[in-house]
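The sequence shown begins at 9 in the working numbering and counts up one residue at a time.
Even for Gly, the Cβ is constructed at its ideal location relative to N, Cα and C.
The model shown is predicted, which means the values in this text are computed figures rather than measured ones.
The block underneath contains the structure these notes are about, expressed in structure tokens.
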Amino acid sequence: MKTKIISLLLCVSVLFACNNTQKGAGIGAGGGAVLGGIIGAIAGNTVVGAAIGGAVGAGAGAVIGNRMDKAKKEAEAAMQQAAQVETVTDANGFEAVKVTFDSGILFATGKSDLSASAKTSLSKFASVLKNNTDCDVTIQGYTDNAGWKGVSAAESAQKNQALSLDRATAVSQYLLTLAVPASQIKNVQGFGESNPVADNSTAAGQAQNRRVEVYMYASEKMIREAQAQAQ
């Protein structure tokens, strides 16, 4: 128990006391995947990326932090009001970029066909991905918990899960048509009603829960290059 408390306090201090580059260095020195998992739990973020295992030096962590800072700034400039851009932590404890698209903007209610405005926004985002091909990408779809007419709650949950996957897939497929490398998109997932970010008992909360999240995080190639650069 004491060890867990000490680890928790260490993670909180790293998370709040450092800027992004310093955070990358601190996490790199801390030993990778275990620390990353703890920070992900504190922040309430879905942990993305395959844990590489083993410790990554502070220098490599700082290099990765700088790369992800650059990617985040590019995403913010491209998306502006079209999506929310924020910093999260991947499975290795490195800085990652999360871009959240409101499903109400991307899709009509109950549908997975991209709107014209959605295609415009995703076209801008595709340029960010193509400028950062050493970032791996995971796309996750979510819905609110609203039921479907004429079916049970369990069936509604299944339909929402299927809809969330269809929407994530629609985003992925459109990005591929814009020449985003297929090798860059590692995961396309639908989580349905799971992992709400707001209160589903209100219309405003449900609107926040209907979303598509796109994560950009360090690929194994970026990690290897950061380690070589830091030597």
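TODO: Leaving out five residues on either side along the sequence, give the residues of the same chain with a beta carbon under 6 Å from the beta carbon of alanine 206.
DONE: Gly213, Gln216 and Asn217
Open item on the list: Could you compute how far the alpha carbon of valine 107 sits from the alpha carbon of arginine 75?
Closed with: 16 Å
- [ ] For my contact list, glutamine 251 and glycine 65 are in at a C-beta cut-off of 8 Å; report their separation, rounded to the angstrom.
- [x] Outside the shown range of the chain (9 to 239) lies residue 251, about which nothing can therefore be said.
Task: Straight-line Cα distance separating lysine 157 from glutamate 233 - done: 52 Å
Open item on the list: Which residue marks the beginning of the alpha helix (DSSP H) containing asparagine 74, and which one marks its end?
Closed with: 66-87
Open item on the list: For aspartate 121, which residues in the same chain have their Cβ closer than 8 Å to its Cβ, ignoring the five residues on either side in sequence?
Closed with: Phe115 and Ala178
Task: glutamine 239, buried or exposed, once every other Cβ within 10 Å from all chains shown has been counted against 16 - done: exposed
TODO: Measure the Cβ-Cβ separation of glutamine 169 and glycine 200 and say whether it is below 8 Å.
DONE: yes
Open item on the list: Counting beta carbon pairs with one atom in the region 73-93 and one in the region 170-190, are three or more of them shorter than 8 Å?
Closed with: no
- [ ] Determine which residues share a DSSP beta bridge with arginine 219 and list them.
- [x] Asp110 and Tyr150
Open item on the list: Please give me, in chain order, every unbroken run of the beta strand (DSSP E) with length at least 3 that falls completely inside the region 127-196.
Closed with: 143-150
- [ ] Look at the Cβ atom of aspartate 142, then the Cβ atom of methionine 230, and state whether they are nearer than 8 Å.
- [x] yes
Open item on the list: Which residue wins for smallest C-alpha separation from glutamine 256, given the options Phe109, Glu84, Gly69 and Ser129?
Closed with: An answer regarding residue 256 cannot be provided, because it is not within the stretch 9 to 239 covered by the chain.
Open item on the list: Does methionine 224 pass the burial test, meaning 16 or more other C-beta atoms within 10 Å, or should it be called exposed?
Closed with: buried
- [ ] Express the C-alpha separation of serine 202 and aspartate 144 in angstroms, rounding to a whole number.
- [x] 23 Å
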